[in-house]
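Data block below; observations after.
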Ligand code: AMP
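Residue numbers (my numbering): 1 to 299.
Next up, the structure:
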């Protein structure tokens with residue numbers, strides 16, 4: 001089963017206390033698509049400018065990502081620049097240059113419209129709506145978002161929540177959206193806005209799932225060294241959706257394991273700049289870390 005992913009396809013300039021890396025392959029859709037590709041075929045919807053390096057297209061192809069839904073148009077690719085502090089948990093956005101995303105209208109190739117698993121990775125909610133408008137009957141729709149859209153596109157986002165099965169957001173965003181400091185109460189408040197499944201990401205402390213079946217706490221894989229956490233949230237949700245699409249069947253029985261796989265792919269993401277470490281992962285290395293996580297959390 002394929003997974004359809006729409007989101008940002010970007011050039012990221014990332015500064016950490018140890019290094020500066022300009023114009024890496026990044027974007028929510030890129031991170032999520034590569035993560036999902038370890039489990040299932042991926043169809044990607046996005047836009048890049050004519051400045052987008054050809055070797056980045058090759059990298060998508062190496063992961064067998066279907067690029068029929070990726071538009072290449074005259075202009076500049078979306079560029080994001082961020083800087084991390086010493087502890088790598090605090091990040092400052094230095095620049096967000098929308099470039100070709102400013103006038104982007106996602107157009108789904110005919111073959112994409114029947115995709116059953118849809119990930120609306122972080123991008124303007126209006127674009128997420130636009131993709132859903134073109135889909136026939138998806139089986140499971142997950143959406144990611146960020147504080148920017150809570151600040152500037154809240155009404156669009158609230159309408160989107162009525163259309164999705166699962167919302168994935170980080171703890172700060174969950175608090176901002178619901179005005180609830182307690183995350184259990186925040187998750188309950190988000191259910192009332194629409195999604196039957198709510199996943200709150202807590203960075204190095206894992207993620208919490210809330211659904212009718214109850215709660216689940218997914219740990220993060222403990223790493224000795226984090227090189228660059230950019231895209232870890234996207235890798236988490238991409239890995240999770242790829243696993244769900246590959247598993248098929250009822251989501252309820254698979255979601256916990258899917259979150260663990262997502263968590264493990266996110267751990268690889270943190271071990272290199274941009275997508276450098278994620279693209280070197282293999283299904284065998286992912287499976288081996290999942291086993292380690294299982295042993296680490298059994299009692
Ligand atoms: P994360 O670390 O999971 O928050 O994801 C970081 C990725 O989000 C980077 O690769 C950026 O290119 C992308 N990104 C940053 N700002 C935006 C934005 N406003 N819209 C869409 N994607 C963004």
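The beta-carbon is built from N, C-alpha and C at its ideal position, and this holds for glycine as well.
Fair warning: this is a prediction, and the values are worked out from it, not measured in the lab.
Proximity test, residue i beta-carbon vs ligand 1 heavy atom, cut-off 6 Å
| i | result |
| --- | --- |
| residue 10 | yes |
| residue 65 | no |
| residue 115 | no |
| residue 103 | no |
| residue 122 | yes |
| residue 96 | yes |
| residue 145 | no |
| residue 69 | no |
| residue 252 | no |
| residue 148 | yes |
| residue 234 | yes |
| residue 28 | yes |
| residue 203 | no |
| residue 206 | no |
| residue 231 | yes |
Where residue i sits in the DSSP three-state scheme
| i | result |
| --- | --- |
| residue 210 | strand |
| residue 66 | strand |
| residue 26 | strand |
| residue 71 | strand |
| residue 218 | strand |
| residue 269 | helix |
| residue 295 | helix |
| residue 147 | helix |
| residue 15 | strand |
| residue 246 | helix |
| residue 55 | helix |
Cβ neighbour criterion (16 or more within 10 Å) applied to residue i
| i | result |
| --- | --- |
| residue 227 | buried |
| residue 79 | buried |
| residue 259 | buried |
| residue 286 | buried |
| residue 87 | exposed |
| residue 265 | buried |
| residue 52 | buried |
| residue 282 | exposed |
| residue 224 | exposed |
| residue 230 | buried |
| residue 239 | buried |
| residue 263 | buried |
| residue 152 | exposed |
| residue 93 | exposed |
Rounded distance between the beta-carbons of residue j and residue i, thought under 8 Å
| i | j | result |
| --- | --- | --- |
| residue 176 | residue 150 | 5 Å |
| residue 3 | residue 242 | 6 Å |
| residue 146 | residue 173 | 7 Å |
| residue 48 | residue 104 | Incorrect: roughly 10 Å between the Cβ atoms, too far for contact. |
| residue 5 | residue 119 | 5 Å |
*asked:* Count Cβ pairs between the region 266-278 and the region 23-41 that sit closer than 8 Å; are there 3 or more?
replied: Two segments are said to touch when three or more pairs of C-beta atoms, one from each, lie closer than 8 Å; by this definition the region 266-278 touches the region 23-41.
*Could you say if the region 2-12 and the region 68-88 meet the contact criterion of at least three C-beta pairs nearer than 8 Å?*
Segment contact: the region 2-12 against the region 68-88, three or more CB-CB distances shorter than 8 Å; contact assigned.
*Is the region 198-205 in contact with the region 166-174, if contact means three or more CB pairs nearer than 8 Å?*
Yes: at least three Cβ pairs fall under 8 Å.
*Three or more beta-carbon pairs under 8 Å between the region 208-224 and the region 95-114, yes or no?*
In the pairwise beta carbon analysis, the region 208-224 is classified as not touching the region 95-114: fewer than three pairs are separated by under 8 Å.
_Assess contact between the region 101-120 and the region 62-73, defined as three or more Cβ pairs (one per stretch) separated by less than 8 Å. Is contact present?_
Yes: at least three Cβ pairs fall under 8 Å.
*Determine contact between the region 185-200 and the region 158-165, defined as no fewer than three beta-carbon pairs at a distance below 8 Å.*
Touching, yes, given that three or more Cβ pairs across the two stretches are closer than 8 Å.
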